[in-house]
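Protein sequences, first through last, are from chains A and B. Residues in the first sequence are numbered consecutively from 1, following our numbering. Residues in the second sequence are numbered consecutively from 1, following our numbering. Accompanying notes for the structure given below.
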Amino acid sequence: MASISLKNLRKVYNKSVVAVDDLSLEIPDGLIVSLLGPSGCGKTTTMRMIAGFEAPDRGTITVDGDDITLKPPNQRNMSMVFQFPVVYTNFSIYDNMATPLRNAGMDEEKIREIIRATSPEFGIDEGSWQEKASNLSISERQRLSLAHAFAIERNVYILDEPFSNVDPKARVRLARYVRQIQQVKRHTIVFVTHSQSEALTLSDRIAVMKDGKILQFDTPELIYTKPVSTFVGWFLGNPGMNYVKCTARSRNGVLGLDAGSFVAAERVPATYQSRLPADGNVILGIRPEHISVSRTGTGGTGISARCLFAEPVGSRLLLNIELAKNVLVNVKAPTDVNVAKGETVFVQFPEKHVILFDAKTEQAI
Amino acid sequence: MHGIKLDKVTRTFGKKKALDSVSLEIEEGTFVCLLGPTGSGKTTLLKILAGVETPSSGAVYFDSTNVTLLPPNKRPVSMVFENFALYPNMSVFKNIASPLLAQRLPKKDIEQKVGETAKFLKIDRLLKRRISELSGGEMQRVAIARALCKEAKLVLFDEIFVNLDYKLREQMRIEFRELMDRVKLTSVFSTPDPEDAFMLADKVAVLHDGKILQYDSKDVAYNRPVDMFTGAYFGHPEMNLLDCDVAERDGHLALESSVLRMPILADGLKGKLKPGGYSLGVRPEHLKIHAEGVPSGAVDGRLQEPMLGGKILLTEVVGSDTIVHVAVGSDAIQVFTPGIYREDVGKGVYVSFDPRKIYLFDKNSGQFIGRGE
Numbered sequence: 001m002a003s004i005s006l007k008n009l010r011k012v013y014n015k016s017v018v019a020v021d022d023l024s025l026e027i028p029d030g031l032i033v034s035l036l037g038p039s040g041c042g043k044t045t046t047m048r049m050i051a052g053f054e055a056p057d058r059g060t061i062t063v064d065g066d067d068i069t070l071k072p073p074n075q076r077n078m079s080m081v082f083q084f085p086v087v088y089t090n091f092s093i094y095d096n097m098a099t100p101l102r103n104a105g106m107d108e109e110k111i112r113e114i115i116r117a118t119s120p121e122f123g124i125d126e127g128s129w130q131e132k133a134s135n136l137s138i139s140e141r142q143r144l145s146l147a148h149a150f151a152i153e154r155n156v157y158i159l160d161e162p163f164s165n166v167d168p169k170a171r172v173r174l175a176r177y178v179r180q181i182q183q184v185k186r187h188t189i190v191f192v193t194h195s196q197s198e199a200l201t202l203s204d205r206i207a208v209m210k211d212g213k214i215l216q217f218d219t220p221e222l223i224y225t226k227p228v229s230t231f232v233g234w235f236l237g238n239p240g241m242n243y244v245k246c247t248a249r250s251r252n253g254v255l256g257l258d259a260g261s262f263v264a265a266e267r268v269p270a271t272y273q274s275r276l277p278a279d280g281n282v283i284l285g286i287r288p289e290h291i292s293v294s295r296t297g298t299g300g301t302g303i304s305a306r307c308l309f310a311e312p313v314g315s316r317l318l319l320n321i322e323l324a325k326n327v328l329v330n331v332k333a334p335t336d337v338n339v340a341k342g343e344t345v346f347v348q349f350p351e352k353h354v355i356l357f358d359a360k361t362e363q364a365i
Numbered sequence: 001m002h003g004i005k006l007d008k009v010t011r012t013f014g015k016k017k018a019l020d021s022v023s024l025e026i027e028e029g030t031f032v033c034l035l036g037p038t039g040s041g042k043t044t045l046l047k048i049l050a051g052v053e054t055p056s057s058g059a060v061y062f063d064s065t066n067v068t069l070l071p072p073n074k075r076p077v078s079m080v081f082e083n084f085a086l087y088p089n090m091s092v093f094k095n096i097a098s099p100l101l102a103q104r105l106p107k108k109d110i111e112q113k114v115g116e117t118a119k120f121l122k123i124d125r126l127l128k129r130r131i132s133e134l135s136g137g138e139m140q141r142v143a144i145a146r147a148l149c150k151e152a153k154l155v156l157f158d159e160i161f162v163n164l165d166y167k168l169r170e171q172m173r174i175e176f177r178e179l180m181d182r183v184k185l186t187s188v189f190s191t192p193d194p195e196d197a198f199m200l201a202d203k204v205a206v207l208h209d210g211k212i213l214q215y216d217s218k219d220v221a222y223n224r225p226v227d228m229f230t231g232a233y234f235g236h237p238e239m240n241l242l243d244c245d246v247a248e249r250d251g252h253l254a255l256e257s258s259v260l261r262m263p264i265l266a267d268g269l270k271g272k273l274k275p276g277g278y279s280l281g282v283r284p285e286h287l288k289i290h291a292e293g294v295p296s297g298a299v300d301g302r303l304q305e306p307m308l309g310g311k312i313l314l315t316e317v318v319g320s321d322t323i324v325h326v327a328v329g330s331d332a333i334q335v336f337t338p339g340i341y342r343e344d345v346g347k348g349v350y351v352s353f354d355p356r357k358i359y360l361f362d363k364n365s366g367q368f369i370g371r372g373e
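This is how it looks when you write it as structure tokens:
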């Protein structure tokens with residue numbers, strides 16, 4: 001258990017590809033922190049620098065205040081689980097878990113005690129200890145890798161896309177083991193993933209990355225509800241946040257949001273009024289589940305639009321709605337709104353769910 | 001009939017029956033999702049439609065013409081693969097035009113045809129670009145444009161979204177849907193993912209062990225699944241299935257398990273049940289989570305929401321929603337909860353469901369018996 005501090009890390013490959021660009025991050029003790037982003041965002045390079053497989057060109061890494069920037073991986077007191085499970089296939093399940101403990105110089109009795117305590121945390125039955133690891137499926141091997149990593153007390157545990165190659169059912173089980181063990185033992189875990197769902201499921205904090213930089217570092221709830229940029233809003237959620245380009249204009253003394261052929265908002269939400277960019281050009285962002293749609297419009301308000309398709313998926317209706325030419329939004333509506341393909345519908349953006357971004361910088365205002 | 005017909009098609013590989021007497025009629029203009037897990041026979045079925053594979057027995061008809069032995073190049077079929085099988089170094093124009101060039105049509109006709117198709121699919125501005133410069137969504141359009149140009153009677157899509165990054169998949173699925181609505185091609189789309197079927201299909205064909213278990217509209221497959229497999233598989237997330245018994249209590253039939261006891265009041269079920277073992281199906285979207293509650297079956301003679309006590313196994317966020325996995329007795333139940341919901345593993349919660357929304361299956365045969373209403 002330890003806190004990690006990354007300061008101004010920079011890593012350039014082939015003299016021109018900036019993989020990590022002046023990145024700073026404080027990973028608090030005892031939390032699961034995810035590095036989340038699309039491929040090429042720099043999350044893997046960052047993780048490799050934390051683990052010691054890669055040396056930064058600039059910047060420092062400290063663990064509980066100790067500078068470990070140039071320490072080799074085996075002296076960092078960290079455990080790692082990779083995308084492809086690493087198990088000794090000639091060894092039994094027991095010997096797989098025992099190996100790092102033996103390497104640490106523990107006696108067999110102590111080792112047995114630790115393995116007896118760790119096995120049930122990962123659903124490994126004592127009766128299977130002597131089975132050869134070569135007989136295990138990919139999911140079972142990954143479970144063993146996790147058990148093997150968590151069997152020994154470390155400062156930091158690094159999980160690099162550990163669920164990418166396991167089937168969905170096993171994924172839920174493995175994620176539960178990790179959550180549970182972390183809840184009890186308050187390990188510091190760095191979790192690298194491209195899947196927003198996995199990040200939202202497991203993390204205490206998420207660092208959303210793009211182009212070698214951290215765009216936002218927050219709790220899962222805040223990342224989802226208060227994205228700092230249009231990219232973060234789009235990347236989280238399924239489907240991602242909808243965007244409508246607007247210009248703030250005053251009409252009869254009321255500042256509203258004009259989106260060309262329609263009015264996106266009669267009134268700029270009060271919290272935004274004093275913070276609009278000088279040219280008034282903004283992007284209105286709203287999540288699919290927050291858009292309200294009806295067939296009649298309430299009290300004669302709402303944007304008249306055309307429903308391009310409506311499909312019930314589980315308990316909700318997924319709608320694709322054309323507000324104007326080339327302005328489309330995805331909506332997740334309750335099934336009872338009863339809207340059908342081709343119909344004219346009325347759309348509203350409830351004020352409390354609207355987020356405004358500067359049209360030029362695409363940053364939240 | 002206009003459309004495609006498979007008549008008792010069987011395909012064996014050695015002793016294994018990849019397809020087992022599959023019959024299917026696809027009306028012109030219908031988008032069919034062939035839904036099934038890996039190894040269920042989806043690819044073999046597509047290959048037989050394309051003519052790349054020959055049935056061991058049975059026949060294939062296109063508009064009432066028997067095409068069973070017609071080679072692929074003589075069939076009006078186009079196949080779109082996961083990687084779209086485009087020529088990466090050729091222009092978009094040449095890719096779309098390739099089937100027409102192979103037919104040696106006059107240059108003017110080809111230009112006109114490709115131009116019209118590209119315009120319809122909104123890729124006319126890309127005609128001079130090379131494939132390697134396109135985004136995934138644009139490549140998808142080019143592959144569909146090529147199929148359209150070929151004037152295929154049938155377009156086959158072989159798991160085209162399977163290995164995509166989820167963000168791309170979500171975007172392409174919506175775009176694809178909008179596109180297919182406009183082109184109205186007779187299509188068969190194979191996928192292991194029920195979400196694809198929910199989003200795209202006119203009709204869904206559920207394939208399992210080489211057999212088509214059900215071929216119906218999405219609505220029918222969702223509300224009246226023929227059996228336990230279809231009920232569980234065609235759901236997003238999967239249906240919960242709980243072992244239970246039907247027993248007679250004070251002259252009434254009741255559904256009982258170690259954690260549940262509720263009277264059977266639904267007219268649709270009453271005549272069909274007798275004491276014995278059943279599987280109770282409850283869809284995750286028909287369950288609710290409560291922080292507090294009183295565990296109960298229904299009070300006799302009154303329809304009440306049964307409430308079960310349990311412990312959280314995991315709150316799994318999926319996109320913008322959460323699947324709450326709850327341990328109830330020895331069962332793991334999935335509850336679909338809109339929004340992002342996070343709770344500690346091991347926390348005690350209560351789960352309730354609407355008894356009218358349940359599904360009952362015969363425990364042994366897996367056959368669907370009825371709903372709770």
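Quick reminder that beta carbons are idealized off the backbone N, C-alpha and C, glycines included.
Query	Result
Where the alpha helix (DSSP H) containing alanine 151 of chain A begins and where it ends	Looking at the DSSP string, alanine 151 of chain A is not in any alpha helix (DSSP H), and its letter there is neither H nor E.
Span of the beta strand (DSSP E) around tyrosine 359 of chain B	359-362
Contacts around valine 282 of chain A, its chain only, beta-carbon distance under 6 Å, and the 5 residues preceding and following it disregarded	Cys246, Leu356, Ala359
Distance, glutamate 121 of chain A Cα to arginine 141 of chain A Cα	15 Å
Chain B within 9 Å of glycine 40 of chain A, Cβ atoms only	no
Closest by C-alpha distance to alanine 55 of chain A, when choosing among A:Arg10, A:Asp64, A:Met106	A:Arg10
Identity of the residue in A:Arg116, A:Ala51, A:Asn135 nearest asparagine 90 of chain A by Cα	A:Asn135
Spatially closest choice to lysine 17 of chain B from B:Thr68, B:Phe81, B:Lys211, B:Glu25, by CA coordinates	B:Lys211
Members of the stretch 166-189 of chain B near chain A, C-beta cut-off 7 Å	Tyr166, Lys167, Glu170, Ile174, Arg177, Glu178, Asp181
Glycine 310 of chain B (DSSP reduced to helix, strand or coil)	strand
Short CB-CB distance (under 9 Å) between lysine 352 of chain A and chain B	no
N- and C-terminal bounds of the beta strand (DSSP E) containing glutamate 256 of chain B	252-256
Lysine 332 of chain A at chain B interface by Cβ criterion, 9 Å	yes
Leucine 146 of chain A versus valine 81 of chain A: straight-line alpha-carbon distance, rounded	6 Å
Option nearest glycine 41 of chain B by Cα separation, candidates B:Val351, B:Lys119, B:Leu207	B:Leu207
CA-to-CA distance, serine 190 of chain B to phenylalanine 191 of chain A, given in whole angstroms	33 Å
Closest residue to serine 164 of chain A among A:Thr62, A:Tyr157, A:Ser197 (Cα-Cα distance)	A:Ser197
Under 9 Å between C-beta atoms of leucine 23 of chain A and threonine 188 of chain A	no
Rounded straight-line distance, which links the Cα of alanine 85 of chain B to that of valine 92 of chain B	13 Å
Anticipated Cβ contact below 8 Å, isoleucine 340 of chain B with valine 326 of chain B, distance rounded	Actually they do not touch by this definition, with Cβ atoms about 17 Å apart.
Which listed residue (A:Val33, A:Gly285, A:Val172, A:Phe217) has its alpha carbon closest to that of lysine 422 of chain A	The displayed coordinates of chain A run from 1 to 365. Any statement about residue 422 of chain A would go beyond what the structure contains.
Segment contact flag, the stretch 31-40 of chain A with the stretch 87-102 of chain A, C-beta cutoff 8 Å, min 3 pairs	no
Proximity of isoleucine 369 of chain B and leucine 273 of chain B at Cβ, strictly below 9 Å	yes
Identity of the residues DSSP links to glutamate 26 of chain A by a beta bridge	A:Ser5
Proximity to valine 317 of chain B [Cα-Cα], best of A:Asn326, A:Ser195, A:Thr301	A:Ser195
Proximity test, Cβ basis, 9 Å: glutamate 362 of chain A and chain B	no
Exposure of aspartate 344 of chain B, with buried meaning 16 or more beta-carbon neighbours within 10 Å	exposed
Chain-ordered chain B contacts of valine 313 of chain A [CB-CB under 8 Å]	Glu195, Phe198, Met199, His236
Supposed close pair methionine 172 of chain B, phenylalanine 161 of chain B - CB separation, criterion 8 Å	7 Å
Own chain residues within Cβ distance below 6 Å of methionine 241 of chain A, not counting five before or after	Gly233, Trp234, Gly285, Arg287
Close Cβ partners of lysine 7 of chain A (< 6 Å) along its chain, the five nearest in sequence each way excluded	Ser24, Gly59, Thr60
Cross-chain neighbours of asparagine 238 of chain A in chain B, by beta carbon under 9 Å	Tyr166, Lys167, Glu170, Val318, Gly319, Ser320, Asp321
Cβ contact (3+ pairs, closer than 8 Å) linking the stretch 272-290 of chain B and the stretch 342-360 of chain B	yes
Whole-number beta carbon distance between lysine 153 of chain B and proline 76 of chain B, since they are thought to touch under 8 Å	4 Å
Reference aspartate 354 of chain B; option with closest CA among B:Asp362, B:His286, B:Ala291	B:His286
Top-ranked residue by Cα proximity to serine 274 of chain A, from A:Val244, A:Thr230, A:Ile50, A:Ile365	A:Ile365
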